[in-house]
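Only one structure is covered here, and it is reproduced in the block below.
In my numbering, the protein residues as written are 2 to 172.
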């Protein structure tokens, strides 16, 4: 079961039970982002950040394997509908490494950037449009969507308007 509630005037909190719900939310997020933006993903190891990214990619029609780019730092996905860059900064030694890798180029084009462990890139990453915080519970995940920009508020508004999609049974 999935549910959505407003925790503040702009933030949204969702309770997502099961991997299928997290993937369904990722698909909804893909649609809400309209193919561009910067999304920070926060949560402990195993919280479901990569599963959410898989859902976003499925929302753009990508059917291949999706793994966390823990060692490569970024995995690009060029699709007809969007360019999505999945970052995992967990093993980043120093934020300055991002500059050496040329990651700023990923943010200069119209694309959707999903960034796991964004705190490790502080000072070298652009501001987030939304910050997604995922809290692990034994039988569900609590996802808080916190908008940071006008685009982020539009994303939240779309998610709130489609909350029924997450309440329906997921196959």
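Backbone N, C-alpha and C define an ideal beta-carbon position, used for all residues, glycine too. This structure is a prediction, so every number in the text was calculated from the model and none was measured.
Any idea what DSSP makes of residue i, helix, strand or coil?
i, result
"residue 22", "helix"
"residue 39", "strand"
"residue 149", "coil"
"residue 95", "coil"
"residue 161", "helix"
"residue 141", "strand"
"residue 16", "strand"
"residue 88", "strand"
"residue 77", "strand"
"residue 30", "helix"
"residue 126", "coil"
"residue 133", "strand"
"residue 53", "helix"
Please report the distance separating the alpha-carbon of residue i from that of residue j.
i, j, result
"residue 128", "residue 39", "7 Å"
"residue 150", "residue 131", "7 Å"
"residue 85", "residue 106", "13 Å"
"residue 160", "residue 12", "11 Å"
"residue 26", "residue 155", "16 Å"
"residue 80", "residue 19", "27 Å"
"residue 78", "residue 87", "8 Å"
Spatial neighbours of residue i within its chain, please: C-beta separation below 6 Å, excluding the five flanking residues on both sides.
i, result
"residue 69", "51 and 89"
"residue 152", "38 and 130"
"residue 59", "28"
"residue 147", "12 and 132"
"residue 121", "90 and 93"
How is the alpha helix (DSSP H) around residue i delimited, first residue to last?
i, result
"residue 63", "No alpha helix (DSSP H) contains residue 63, which DSSP labels as neither H nor E."
"residue 120", "Where residue 120 is concerned, there is no enclosing alpha helix (DSSP H), given that its DSSP letter is neither H nor E."
Considering only C-alpha positions, which residue in the set the options is nearest to residue i?
i, options, result
"residue 139", "48, 93 and 73", "48"
"residue 144", "32, 96, 41 and 102", "41"
"residue 53", "29, 109 and 75", "29"
"residue 36", "162, 119 and 115", "115"
"residue 118", "23, 17, 44 and 34", "44"
Could you please give the first and the last residue of the uninterrupted beta strand (DSSP E) stretch that includes residue i?
i, result
"residue 174", "No statement about residue 174 is possible, as the shown extent of the chain runs from 2 to 172 and does not include it."
For residue i, I'd like the list of residues in its chain whose CB is within less than 7 Å of its CB, leaving aside the five on either flank, ordered along the chain.
i, result
"residue 100", "125"
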